[in-house]
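Visitor: Heads up: the sequence shown is residues 21 to 197, going by our numbering.
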Amino acid sequence: MDLEGYAKRGILRNEKALEEKLADRILEIKKISRKHAQEIASAVIVEAKAVIKPGGELLTPTISGVTMGDFGVGSRGMGDFYTHEKIAEVIGRTSAVVDSSHLDDSGVVRAGGQYLVVTIDGMHSRLSDFPFLAGFHVARAALRDIYVMGARPVAMLSDIHVADDGDVAKIFDHIAG
């Protein structure tokens, strides 16, 4: 759990001395003064309160009451195609050769007289403690999507987020995967 999650949970439970508890958690990781930790804790609590009770319609999320697993989204479950169809309706037709209306894992655009196939994939949270495997699976999924379109990969990007207390080797393991 991150600091904001810890703070939100504490706010919702009306925990006493939340700022002190949060400062203690910060001091477990950061080598900073107690005063600085309390300043950070205070700022995190302000942010957490803003997220719990956002102002305005734009920042208020729609809640369906249905989880991704219950709906069958992901890994081509029963709700996966339906969800992709709805995403395509929101985006609408574009000038791309293959856009979201095709319900494909890759898109195709014309660029400089050639077709450019693009795709993106992400890491499942269950693999976050295994960066080498996560990197492998993300690369494999993205490459599969490119090859299925009959294209040749020319570049890959990687995105991994590691917490302040996370070991920097996770970045290199992810890339190696």
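In this text, a Cβ means the ideal position worked out from N, Cα and C, and glycines have one as well.
None of these values were measured; they are calculated from a predicted model.
Please return the same chain residues whose Cβ sits closer than 7 Å to the Cβ of A68, not counting the five positions on each side in sequence.
Guide: Answer for A68: E24, A27, K28, I31, listed in chain order.
Visitor: Thinking C-beta only, is V128 closer than 7 Å to V117?
Guide: Against a cut-off of 7 Å, the Cβ pair of V128 and V117 comes out as a contact.
Visitor: Could you tell me the alpha carbon to alpha carbon distance between D119 and D165, rounded to whole angstroms?
Guide: Rounded to the nearest angstrom, the two C-alpha atoms are 14 Å apart.
Visitor: Determine the direct distance from the alpha carbon of Y135 to that of R172, and round the result to whole angstroms.
Guide: Those two C-alpha atoms are separated by around 11 Å.
Visitor: Pull up the distance between the alpha-carbon of P81 and that of D179, whole angstroms please.
Guide: Rounded to the nearest angstrom, the two C-alpha atoms are 26 Å apart.
Visitor: Using the Cβ count rule (16 or more neighbours within 10 Å means buried), how would you classify M143?
Guide: With 16 or more Cβ atoms within 10 Å of its Cβ, M143 is classed as buried.
Visitor: Classify A139: buried if its beta carbon has 16 or more other beta carbons within 10 angstroms, exposed otherwise.
Guide: First, the amino acid is wrong: residue 139 is Thr here, not Ala. Result: buried.
Visitor: Do you know how far the Cα of E35 is from the Cα of I65?
Guide: In a straight line, the C-alpha of I65 is about 12 Å away from that of E35.
Visitor: Taking Cβ to Cβ, would you say A57 is nearer than 7 Å to A70?
Guide: Against a cut-off of 7 Å, the Cβ pair of A70 and A57 comes out as no contact.
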